[in-house]
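Each position in the sequence shown, counted from 1, maps to that position plus 11 in our numbering. Okay, structure first, notes after.
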Amino acid sequence: MPTIDILVATTSGNTEYLADQLSEQLQNAGFQTRMHYEPDYGELIGALDAESIWLGCVASHGAGEYADSMLDFAADLHRKLPSLVDLRYAVIAVGDSCYDTYCAAGRDFDQLLEKCGAKRLIPTLEIDMSQDDPEKKASTWLGSILTHL
Ligand SMILES: Cc1cc2nc3c(=O)[nH]c(=O)nc-3n(C[C@H](O)[C@H](O)[C@H](O)COP(=O)(O)O)c2cc1C
C-alpha cells in the first residue's frame, strides 16, 4: 500500500482538523499517511517516487490566496514548476462562498499540479464552510477514491 502525503494549507486550523480526520480514515483503510502541516518544497520533491500520492487540503485566505502554512510551498511550486509526472494527487479546496474568490487557492493548486504533469485521481472537492458539513462531505469523497489507490 502506498504512503499518502497530506499537505495542509491552514491559517486558523479548520483545515488541519479536517486533514487529521482524513488521515485517520486512510489509516483505518490500511494506508500509511505523512502529515505536512507546513509543506516543505525540498522534502516533498526530494521524496517523490513512482508510488507517490499527495492529498492537498487547501484553505483560501486573503483575496483567494493560499492559507499561511502553504504560502511558501505554493510560491516555490509556481516558480520552479518541477516535473511531477510520477505523482498522483487529489485536492480538497476549503473556502466560504461569501467570497468572490471562492476556493481559489485549492483550485489553483489543482491546476498547478496538473500543469506540472501530475495525474488527478478524482475531481477536486470544494467545501463551503458556510453551507457544508466538512467532515461528512470530505469523508464521502475520500471513500470514493480509496478503491483506486
Ligand atoms: C480573512 C479571511 C479571508 C478569507 N478569504 C477567502 C477567500 O478568498 N476565498 C474563500 O473561498 N474563502 C475565504 N475565507 C474563508 C476560509 O477559507 C474559511 O474560513 C476556512 O475555514 C479557513 O480555513 P482554516 O481555518 O484552515 O484557515 C477567508 C477567511 C478569512 C478569515
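Just so it is clear, CB atoms sit at the ideal spot from N, CA and C, and this is done for glycine as well.
Residue(s) in a DSSP beta bridge with residue i
| i | result |
| --- | --- |
| residue 46 | 17 |
| residue 61 | In DSSP, residue 61 forms no bridge with anything. |
| residue 103 | 68 and 136 |
Continuous alpha helix (DSSP H) stretch holding residue i: start and end
| i | result |
| --- | --- |
| residue 116 | 115 to 126 |
| residue 110 | Looking at the DSSP string, residue 110 is not in any alpha helix (DSSP H), and its letter there is neither H nor E. |
| residue 38 | 25 to 39 |
| residue 129 | It is not in any alpha helix (DSSP H) - residue 129 carries neither H nor E in the DSSP assignment. |
| residue 153 | 145 to 156 |
Exposure of residue i, with buried meaning 16 or more beta-carbon neighbours within 10 Å
| i | result |
| --- | --- |
| residue 115 | buried |
| residue 133 | exposed |
| residue 57 | exposed |
| residue 18 | buried |
| residue 92 | exposed |
| residue 63 | buried |
| residue 81 | buried |
| residue 54 | exposed |
| residue 21 | buried |
| residue 77 | buried |
| residue 90 | exposed |
| residue 96 | exposed |
| residue 13 | exposed |
| residue 128 | exposed |
| residue 121 | buried |
For residue i, the first and last residue of its enclosing beta strand (DSSP E)
| i | result |
| --- | --- |
| residue 136 | 136 to 139 |
Go through the stretch 70 to 100 residue by residue and report every complete run of the alpha helix (DSSP H) that reaches 4 residues or more, in order.
82 to 91
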